[in-house]
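In our numbering, the protein residues as written are 1280 to 1479.
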């Protein structure tokens, strides 16, 4: 992880192991296909976004012990451990502890993310304290902070995995300026997977 003031994109990802990722999707299409899908998404994002010179890309991996096992992760991107706690605690830790500069966080399972989406997120942080990419299910696929002059505590009492995650997060901004990106969706179940296949 380099020091200094710069743009950092963080991909939050689980160790790509059978039965540990996309378990809801696995119930619909089988664990092996769900793992292959997740691994393909993670490695594709790492390759595309990790080679873009406009920001530094990092992977925040979970569980922590897996971060030391290089063979399961893309080898072109530096990794760090997410640490304990719910999703909000782990994302807030990244905002709190990374070196100075704007930070944008995405998940590893959003097939529609383009490099221009990430560039737009960082551009919006030029005039805003925070940026969010809303998802169609009431959550979001991207969240970022300028982190200057302060880091905002964005995730207090957020109801995760439901229709209120975005609404709860916006309440925590308490008057801070924020920008929104285009809505995208992750692939959580067999219906999402079928829709994605129809678009391909």
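Yeah, the Cβ is synthetic: ideal placement off N, Cα and C, and Gly gets one too. The model shown is predicted, which means the values in this text are computed figures rather than measured ones.
Fill in: residue 1376 versus residue 1289 - alpha carbon distance
Counting from 1 along the chain shown, the entry for residue 1376 is found at position 97. Counting from 1 along the chain shown, the entry for residue 1289 is found at position 10. Cα to Cα, the separation comes out at about 12 Å.
Item to complete: Rounded to whole angstroms, what's the CA-CA distance from residue 1297 to residue 1398? Just pull it up for me.
Response: Indexing the chain shown from 1 puts residue 1297 at position 18. Indexing the chain shown from 1 puts residue 1398 at position 119. Answer to the nearest angstrom: the Cα atoms are 33 Å apart.
Discussion item. For residue 1282, count the other beta carbons within 10 Å of its own beta carbon; 16 or more makes it buried, fewer makes it exposed. Which is it?
Written reply: For the purposes of this step, residue 1282 is identified with residue 3 of the chain shown, where counting begins at 1. Note that residue 1282 scores 48 on pLDDT, short of 50, meaning its location in the model is unreliable; the coordinates nonetheless yield the value given after this. Residue 1282 comes out exposed.
Worksheet item: What alpha helix (DSSP H) runs, 4 residues minimum, are completely inside the region 1348-1406?
Response: 1366-1376, 1394-1403
Worksheet item: Does the beta-carbon of residue 1395 have 16 or more other beta-carbons within 10 angstroms, so that it is buried, or is it exposed?
Response: Counted from its first residue, the chain shown places residue 1395 at position 116. Exposed: under 16 other Cβ atoms inside 10 Å.
Discussion item. Using a 10 Å radius around the Cβ and a threshold of 16 neighbouring Cβ atoms, would you call residue 1292 buried or exposed?
Written reply: Along the chain shown, read from residue 1 onward, the residue named residue 1292 stands at position 13. With 16 or more Cβ atoms within 10 Å of its Cβ, residue 1292 is classed as buried.
Fill in: Cβ-based neighbour list, residue 1436, same chain, cut-off 7 Å, excluding 5 preceding and 5 following
Locating residue 1436 in the chain shown gives position 157, counting from the first residue. 1447.
Worksheet entry | Contact belief for residue 1360 with residue 1343 at Cβ below 8 Å, rounded distance in angstroms | For this step, residue 1360 is matched to residue 81 along the chain shown. For this step, residue 1343 is matched to residue 64 along the chain shown. That belief holds up - the Cβ atoms of residue 1360 and residue 1343 are roughly 4 Å apart, short of 8 Å.
Worksheet item: Beta-carbon separation of residue 1287 and residue 1335 under 7 Å?
Response: Stepping through the chain shown from its first residue, residue 1287 is reached at position 8. Stepping through the chain shown from its first residue, residue 1335 is reached at position 56. Result yes, Cβ atoms of residue 1287 and residue 1335 sit closer than 7 Å.
Worksheet entry | Inside the region 1292-1322 only - beta strand (DSSP E) runs reaching at least 3 residues | none
Discussion item. Let me check one thing: in DSSP terms, what residues is residue 1458 bridge-paired to?
Written reply: Counting from 1 along the chain shown, the entry for residue 1458 is found at position 179. Answer by DSSP bridge pairing, in chain order: 1410.
Worksheet item: When you compare only the Cα positions, how much space is there between residue 1280 and residue 1439?
Response: What you label residue 1280 is simply residue 1 of the chain shown in a count that begins at 1. What you label residue 1439 is simply residue 160 of the chain shown in a count that begins at 1. Only weak support exists for where residue 1280 lies, its pLDDT of 48 falling under 50; the value from the coordinates is given anyway. Rounded to the nearest angstrom, the two C-alpha atoms are 29 Å apart.
Fill in: Straight-line gap, residue 1325 to residue 1306 (C-alpha atoms, nearest Å)
Along the chain shown, one-based indexing puts residue 1325 at 46. Along the chain shown, one-based indexing puts residue 1306 at 27. Taking the straight line from one Cα to the other gives about 26 Å.
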